[in-house]
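Residue numbers (our numbering), protein chains in the order written: chain A, 5 to 391; chain B, 3 to 146.
Take a look at the structure:
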């Protein structure tokens with residue numbers, strides 16, 4: 005291995021804004037709230053921040069999927085930047101954090117503010133269901149409504165986001181003989197964790213009967229297999245390890261990253277970059293659950309269970325429960341805590357490793373967490389620890 | 003090969019923006035034939051449309067006619083109304099074309115009851131005309 009840049013990186017601060025359905029609040033205000041919380045949490049002042057990294061940047065076509073851009077944050081907080089990076093072509097949502105880690109390890113900056121803000125929930129209020137695909141409500145005969153780029157080969161066929169998850173799940177069920185009752189545990193366990201997490205959006209009890217009786221979205225995925233859009237912002241401060249102030253809470257150390265395209269390849273890369281830890285050392289897994297089936301694919305790619313065995317591994321839910329052998333999505337995941345889009349997984353991992361998760365804290369306090377985000381070729385994962 | 007067919011649908015689909023790169027795919031179906039780019043150096047079919055062969059890096063890629071036959075690799079019955087004019091439920095599928103392993107198109111399965119779609123089912127292309135575009139859909143292969 006040519007150098008291990010991760011050795012120079014810590015996550016020094018974490019911040020979460022108010023989060024909810026249809027908050028009808030300015031997404032810039034939510035972003036600033038989370039940013040100031042994260043900076044204070046790191047024991048820093050905004051004047052110490054010399055880098056910013058974000059996904060997906062201010063100009064993103066899906067409505068509400070970007071609540072603030074890099075320039076917006078720079079201006080709002082009066083940041084004096086020497087390195088910056090914002091955009092959607094990264095290694096999963098968390099790829100923007102990996103970029104920040106590479107930057108601080110290079111020495112060009114000490115403290116990078118990484119943010120992810122969404123306000124889909126409020127934005128969709130006026131647009132109805134068509135918002136998720138069409139972007140704007142207008143006649144399909146309108147030439148301006150023609151699709152291109154990522155949508156060119158999906159929208160003409162009525163392929164919404166969840167259809168991709170439906171296809172993955174159907175193929176997974178076909179190859180491995182998995183069932184809806186098995187897959188349900190991703191959603192059910194997440195909801196049990198969310199019930200104890202005041203920051204989660206959906207906290208009322210969810211039973212297997214509720215799950216099996218829920219309306220289908222894209223078979224075999226039902227309503228509870230798809231993460232709900234929310235409003236909120238998550239901010240993380242990535243620091244050069246030697247520059248991180250002593251704040252009293254244990255520093256979160258970056259152990260390894262997986263930044264190559266593809267769920268399987270990213271998981272393999274993560275362990276190839278981990279000189280010290282192996283899958284058996286993982287105490288908690290915050291695995292992406294934009295659709296429940298993605299958590300199964302990530303559990304396998306990260307070596308946390310055997311190939312094709314994830315559905316059996318989670319069956320009954322006890323293994324992945326908060327008091328199980330491998331707690332998964334301990335804060336409720338995106339399924340119950342809301343689509344905070346890849347950053348909430350890392351936020352939750354840091355909270356758990358610090359022992360600061362309150363009623364949903366895993367006991368004993370975990371020391372190693374794996375975090376994964378994305379799907380398809382848009383994938384990134386990260387291994388963090390308290391050393 | 004069965005007789006190529008272009009059909010009309012009683013609803014409007016969202017159309018792609020036609021460019022020099024994709025016209026063969028979206029408009030080539032006017033005669034009922036499926037066309038994809040193929041590398042003239044190594045023979046690899048390339049989809050979505052591209053300017054170079056990902057396998058051998060040749061820049062010599064041109065559209066060719068395919069058989070239009072394939073098998074269902076994965077499918078999902080979609081129940082959500084993503085678009086104002088496309089009434090659910092309908093079947094979204096990835097069809098793997100017979101010409102090349104892993105060569106898959108996102109599409110809809112038509113002329114087939116929803117509960118009859120199966121992984122591995124043999125299907126053939128049929129084009130739905132929507133104005134200036136011909137959208138490649140797939141239907142079960144029926145015994146000749």
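The beta-carbon is built from N, C-alpha and C at its ideal position, and this holds for glycine as well. Every value quoted in this text rests on a predicted model; they were computed, and no experiment measured them.
> So which of B/72, B/132, B/111, B/88 has the shortest CA-CA distance to residue 103 of chain B?
Replying inline: Here residue 103 of chain B refers to the residue found at position 101 when the second chain is read from its first residue. The shortest Cα separation from residue 103 of chain B among B/72, B/132, B/111, B/88 belongs to B/72.
>> Using DSSP's beta-bridge definition, name the partner residues of residue 131 of chain B.
In response: Taking the second chain and counting its residues from 1, the one referred to as residue 131 of chain B is at position 129. Looking at the DSSP assignment, residue 131 of chain B forms a beta bridge with B/136.
> Under a CB-based cut-off of 8 Å, is residue 174 of chain A close to chain B?
Replying inline: In the first chain, the residue the question calls residue 174 of chain A occupies position 170. Yes, because at least one Cβ of chain B sits closer than 8 Å to the Cβ of residue 174 of chain A.
> From which residue to which residue does the beta strand (DSSP E) around residue 38 of chain B run?
Replying inline: The count along the second chain starts at 1 and reaches residue 38 of chain B at position 36. Note, residue 38 of chain B: beta strand (DSSP E), 37 to 41.
> When the cut-off is 8 Å and only beta carbons count, does residue 15 of chain B lie next to chain A?
Replying inline: In the second chain, residue 15 of chain B corresponds to position 13, counting from 1. Chain A, which has a Cβ nearer than 8 Å to the Cβ of residue 15 of chain B, makes this yes.
> Does the region 128 to 136 of chain B touch the region 75 to 92 of chain B, meaning 3 or more C-beta pairs lie closer than 8 Å?
Replying inline: no
> Does the pairing of the region 65 to 73 of chain A with the region 20 to 36 of chain A give three or more beta-carbon distances under 8 Å?
Replying inline: yes
>> I'd like the list of long-range same chain contacts for residue 375 of chain A, defined as Cβ closer than 6 Å, with 5 residues on each side in sequence excluded.
In response: For the purposes of this step, residue 375 of chain A is taken as the residue at position 371 of the first chain. Same-chain partners within the cutoff: 290, 349, 350, 353, 386.
> Where does the unbroken alpha helix (DSSP H) through residue 31 of chain A begin, and where does it stop?
Replying inline: Your numbering for residue 31 of chain A matches position 27 in the first chain. From DSSP, the alpha helix (DSSP H) with residue 31 of chain A extends over 31 to 45.
>> Taking 8 Å as the limit between beta carbons, can you name the residues of its chain near residue 57 of chain B, skipping five residues before and five after?
In response: Locating residue 57 of chain B in the second chain gives position 55, where the first residue counts as 1. If we look at residue 57 of chain B and ignore the five residues flanking it on each side, its Cβ neighbours are 41, 44, 46.
>> If you measure between the beta carbons of residue 187 of chain A and residue 296 of chain A, is that distance less than 8 Å?
In response: In the first chain, residue 187 of chain A corresponds to position 183, counting from 1. In the first chain, residue 296 of chain A corresponds to position 292, counting from 1. Yes, these two residues count as a Cβ contact at 8 Å.
>> Between the alpha carbons of residue 83 of chain A and residue 22 of chain B, how many angstroms are there, rounded?
In response: Taking the first residue of the first chain as 1, we reach residue 83 of chain A at position 79. Taking the first residue of the second chain as 1, we reach residue 22 of chain B at position 20. Cα-Cα distance, rounded: 44 Å.
> With C-beta atoms as the reference, is residue 282 of chain A less than 8 Å away from residue 273 of chain A?
Replying inline: Counting from 1 along the first chain, the entry for residue 282 of chain A is found at position 278. Counting from 1 along the first chain, the entry for residue 273 of chain A is found at position 269. Not closer than 8 Å, so no.
> Out of curiosity, what's the CA-to-CA distance linking residue 112 of chain B and residue 139 of chain B?
Replying inline: Locating residue 112 of chain B in the second chain gives position 110, counting from the first residue. Locating residue 139 of chain B in the second chain gives position 137, counting from the first residue. Straight-line Cα distance between these residues: approximately 7 Å.
> Nearest to residue 40 of chain A by CA position, among A/98, A/313, A/368, A/241, is which residue?
Replying inline: Mapped onto the first chain, residue 40 of chain A falls at position 36. Among A/98, A/313, A/368, A/241, the Cα nearest to that of residue 40 of chain A is on A/241.
>> Using a Cβ-Cβ distance cut-off of 8 Å, determine whether residue 140 of chain A contacts chain B.
In response: Sequence index remark: in the first chain, residue 140 of chain A carries index 136 (1-based). Low local confidence applies: a pLDDT of 48 at residue 140 of chain A is under 50, so the model's placement there is unreliable, and no value is given.
> Which one of B/143, B/141, B/137, B/144 has the shortest CA to CA distance from residue 24 of chain B?
Replying inline: Taking the second chain and counting its residues from 1, the one referred to as residue 24 of chain B is at position 22. Closest by alpha carbon: B/137.
> By the criterion of Cβ-Cβ separation under 8 Å, what are the contact partners of residue 111 of chain B in chain A?
Replying inline: On the second chain, position 109 is the one that residue 111 of chain B refers to. Going along chain A, no residue has its Cβ under 8 Å from residue 111 of chain B, so there is no contact; the nearest lies around 10 Å.
> Can you tell me whether residue 97 of chain A is buried or exposed, with buried defined as 16 or more other CB within 10 angstroms of its CB?
Replying inline: As a position in the first chain, residue 97 of chain A is number 93, starting the count at 1. Residue 97 of chain A is buried by the Cβ-count criterion.
> Going by beta carbon distance, what residues of the same chain come within less than 6 Å of residue 239 of chain A, once the five residues before and after it are set aside?
Replying inline: Here residue 239 of chain A corresponds to residue number 235 of the first chain, with the count starting at 1. Excluding positions up to five away in sequence, the list reads 19, 38, 39, 42, 119.
>> Taking CB distances under 8 Å as the criterion, tell me whether residue 76 of chain B reaches chain A.
In response: Against the second chain, residue 76 of chain B aligns to sequence position 74. Residue 76 of chain B counts as touching chain A.
> So what's residue 9 of chain A in DSSP terms, helix, strand or just coil?
Replying inline: Taking the first chain and counting its residues from 1, the one referred to as residue 9 of chain A is at position 5. Note: residue 9 of chain A maps to helix in three-state DSSP.
>> For the region 283 to 302 of chain A, list every residue whose C-beta sits within 8 Å of some C-beta in chain B, in sequence order.
In response: none
> Shorter than 8 Å from the beta carbon of residue 99 of chain B to some beta carbon of chain A?
Replying inline: To locate residue 99 of chain B, count along the second chain from 1; it is residue 97. Judged by the 8 Å Cβ criterion, residue 99 of chain B is not in contact with chain A.
> Just the Cα atoms here: how many angstroms apart are residue 357 of chain A and residue 177 of chain A?
Replying inline: Taking the first chain and counting its residues from 1, one reaches residue 357 of chain A at position 353. Taking the first chain and counting its residues from 1, one reaches residue 177 of chain A at position 173. About 34 Å.
>> Alpha carbons only, please: which of A/157, A/23, A/114, A/369 is nearest the one belonging to residue 20 of chain B?
In response: The sequence position of residue 20 of chain B within the second chain is 18, counting from 1. Closest option to residue 20 of chain B, Cα to Cα, is A/157.
> Could you give the distance in angstroms between the alpha-carbon of residue 229 of chain A and the alpha-carbon of residue 36 of chain B?
Replying inline: If you number the first chain from 1, residue 229 of chain A lands on position 225. If you number the second chain from 1, residue 36 of chain B lands on position 34. Going by the C-alpha atoms only, they are around 35 Å apart.
> Between the region 81 to 97 of chain B and chain A, which residues of the former have a C-beta closer than 7 Å to a C-beta of the latter?
Replying inline: 81, 82, 83, 84, 85, 86, 87, 88, 92, 94, 96
> What is the residue span of the beta strand (DSSP E) that residue 87 of chain A lies within?
Replying inline: For the purposes of this step, residue 87 of chain A is taken as the residue at position 83 of the first chain. Per DSSP, residue 87 of chain A belongs to the beta strand (DSSP E) from 87 to 90.
> From residue 244 of chain A to residue 103 of chain A, what does the alpha carbon distance come to, in whole angstroms?
Replying inline: By 1-based counting over the first chain, the position of residue 244 of chain A is 240. By 1-based counting over the first chain, the position of residue 103 of chain A is 99. Whole-angstrom Cα-Cα distance: 13 Å.
> Closer than 7 Å, Cβ to any Cβ of chain A: which residues of the region 116 to 131 of chain B, in chain order?
Replying inline: 121
>> My parser needs the beta strand (DSSP E) runs of 3 or more residues fully inside the region 321 to 389 of chain A; what are they?
In response: 372 to 379, 382 to 389
>> What does the alpha-carbon distance come out to for the pair residue 194 of chain A and residue 81 of chain B?
In response: Taking the first residue of the first chain as position 1, residue 194 of chain A is located at position 190. Taking the first residue of the second chain as position 1, residue 81 of chain B is located at position 79. Their Cα atoms are separated by approximately 24 Å.
> When DSSP builds the beta bridges, which residues end up paired with residue 65 of chain B?
Replying inline: Here the question's residue 65 of chain B lines up with position 63 in the second chain. Paired residue(s): B/39.
>> Out of A/237, A/234, A/214, which one is the CA nearest neighbour of residue 227 of chain A?
In response: Reading the first chain from its first residue, position 223 is the one you call residue 227 of chain A. With distances taken between Cα atoms, residue 227 of chain A lies closest to A/214.
> Is it the case that the Cβ atoms of residue 205 of chain A and residue 163 of chain A are separated by a distance below 8 Å?
Replying inline: For this step, residue 205 of chain A is matched to residue 201 along the first chain. For this step, residue 163 of chain A is matched to residue 159 along the first chain. Result no, Cβ atoms of residue 205 of chain A and residue 163 of chain A do not sit closer than 8 Å.
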